[in-house]
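Data first, discussion second: the structure below is written as structure tokens.
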Amino acid sequence: MTPALDLLKKVRAEHRIHSYEHDPKAASYGLEAAEKLGLDPAQVFKTLLASSEKGELLVAVVPVVGSLDLKALAHAAGVKKVEMADPAAAQRSTGYLLGGISPLGQKKRLRTFIDITAQPFPTIFVSAGRRGLEVELSAAVLAEHTQATFAPIGRA
């Protein structure tokens, strides 16, 4: 179990766990998950961390088929500028390793933003806190348990 799955179990949130054999040579963890689990990549989301000009870490959940629009995230967060967070700081703050960072069950509660493209899907897939482990849940459940805001932060 991971902190993400422990949290979902504790709050009795509806979710399903999916695992696959992770290939350490995979170029993209998210696309690997979509391929190995036979999923629509638009329904699989990656968790990225960005840092504001004041050093605040922000969590961005965007589709694996696109990228994070840093300007849009800054706008959504009400800050002037953001850049991708230092990987070591991201790992320290979340308690997860890169490639397995879940938006759920992080060590520190960080402001979280989910791309609006997640909303139309009945369920989406995000990392369950370990490479090779995904959790399927509704975007609303994810937002509820991360206190996330939906915003147009992804770029195709």
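Residue numbers (UniProt numbering): 1 to 156.
Glycine is no exception: its CB is placed at the ideal position from the N, C-alpha and C atoms.
1. At the level of alpha carbons, what is the spacing between Leu5 and Leu104?
2. If contacts are defined as beta-carbon pairs under 8 Å, then residue 188 and Lys107 qualify, I think. What distance do you get, rounded to the angstrom?
3. For the beta strand (DSSP E) containing Thr149, list its first residue and its last residue.
4. What does the alpha-carbon distance come out to for the pair Lys25 and Gly99?
5. Alpha carbon to alpha carbon, how far is Glu53 from Pro41? Give it in angstroms, no decimals.
6. Determine the extent of the alpha helix (DSSP H) in which Arg111 is found, giving its start and end residues.
7. Return helix, strand or coil for Arg92, following the three-state DSSP convention.
From the atom records:
1. 8 Å
2. Not covered by the structure: residue 188. The range shown for the chain is 1 to 156.
3. 149-151
4. 12 Å
5. 32 Å
6. Arg111 -> not in any alpha helix (DSSP H); beta strand (DSSP E) instead, spanning 111-115.
7. helix
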